[in-house]
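Anchor point for the sequence shown: position 120 equals 120 in the working numbering, and the numbering is continuous, going up by one each time. These notes are about the structure you will find just below.
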Amino acid sequence: GYYSEIMGHAVGSKGSVVAVNPPQFVSSDQAKAKWAGISLRQPNVSLYQSQLGDYSPAANSYDFTMMHLIYHDLYWESEQFKMARMDPAAFLSRLYTAIKPGGVVAVVDHVGEKGDTRSVVNKTHRINPEVVKTDFTKAGFLVDGETRIFENPTDNLEKNVFDPSVRGKTNRFVIRFRKPG
Numbered sequence: 001g002y003y004s005e006i007m008g009h010a011v012g013s014k015g016s017v018v019a020v021n022p023p024q025f026v027s028s029d030q031a032k033a034k035w036a037g038i039s040l041r042q043p044n045v046s047l048y049q050s051q052l053g054d055y056s057p058a059a060n061s062y063d064f065t066m067m068h069l070i071y072h073d074l075y076w077e078s079e080q081f082k083m084a085r086m087d088p089a090a091f092l093s094r095l096y097t098a099i100k101p102g103g104v105v106a107v108v109d110h111v112g113e114k115g116d117t118r119s120v121v122n123k124t125h126r127i128n129p130e131v132v133k134t135d136f137t138k139a140g141f142l143v144d145g146e147t148r149i150f151e152n153p154t155d156n157l158e159k160n161v162f163d164p165s166v167r168g169k170t171n172r173f174v175i176r177f178r179k180p181g
C-alpha cells in the first residue's frame, strides 16, 4: 500500500486509486491493519483483492496504472504462495481495454537476465526489461519513455531479490507505456 497511499495523495479528492493485491498477501491481521490505516488517511484509495492474472477492470476506466515490482509476478508460479500459472498476454489484453485512450502504464521492476522468462522469474523474481517491452507492444501499447533513476550496475542479477545482500538495492528499470489515442 506504500505507493497506493502516495498516489492517493497525488490524485487528490477528485481522483481515486485502486490497489490490486492477491488475497493471500493481504489477509493477515497485520496487512488488514495497514490497509485500514491507509483508508483512514486516504479515503480515495481502495483495495481490490484479486489474483493479478484474473483482474478484469471495466473498459476505459483508468487514466494511469502503475505496476511496481509486480509485472514479473505474471510469470511466477508458486504452490507455496498460491500463485498459479498466469497468461501475461491475456492480462495485458484486459489492461489495454481498461486504459483510456492516451492513458499511461508505468512499470517498475527488478532487472533480470536474458533467458527463459519463467525460469528467470521463478529463480530470482526479476525480469528482463526487453521482455516487458515486447509484451506491452504486442498488446498494442507504445513505449513512451524510460529512466535509469533506479539503475544499480553493481547488482548481481543472478541473486534472488529477497537475498539480504541485494534486498532494496536491486537494479530496477522504469518504463512508461502509452495507449494510442
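No residue lacks a Cβ here, since even glycine has one placed at the ideal position from N, Cα and C.
With 16 or more other Cβ atoms inside 10 Å of its own Cβ, residue 126 counts as buried. In the DSSP annotation of this structure, residue 166 is not part of any alpha helix (DSSP H), being labelled neither H nor E.
One thing to note: residue 95 has its Cβ no nearer than 9 angstroms to the Cβ of residue 87.
By DSSP's assignment, residue 65 forms a beta bridge with 105. Each residue's CA atom was taken as its position, placing residue 47 and residue 154 some 36 angstroms apart. Residue 112 sits away from residue 143, with the two beta carbons spaced by 9 angstroms or more.
Judged by DSSP secondary structure, residue 135 falls within the alpha helix (DSSP H) whose first and last residues are 129-138. Look at residue 178 here: in three-state DSSP terms it is strand.
Residue 103 and residue 178 have their C-alpha atoms some 6 angstroms from each other. By the 16-neighbour rule on beta-carbons within 10 angstroms, residue 8 is buried. Residue state for residue 157 is assigned as coil, using DSSP reduced to three classes.
No Cβ-Cβ contact shorter than 9 angstroms links residue 148 with residue 109. Taking a C-beta distance under 9 angstroms as the contact criterion, residue 107 and residue 99 do not qualify as a contact pair.
By the criterion of a C-beta distance shorter than 6 angstroms, residue 97 is surrounded in its chain by 59, once the five residues flanking it on both sides are discounted.
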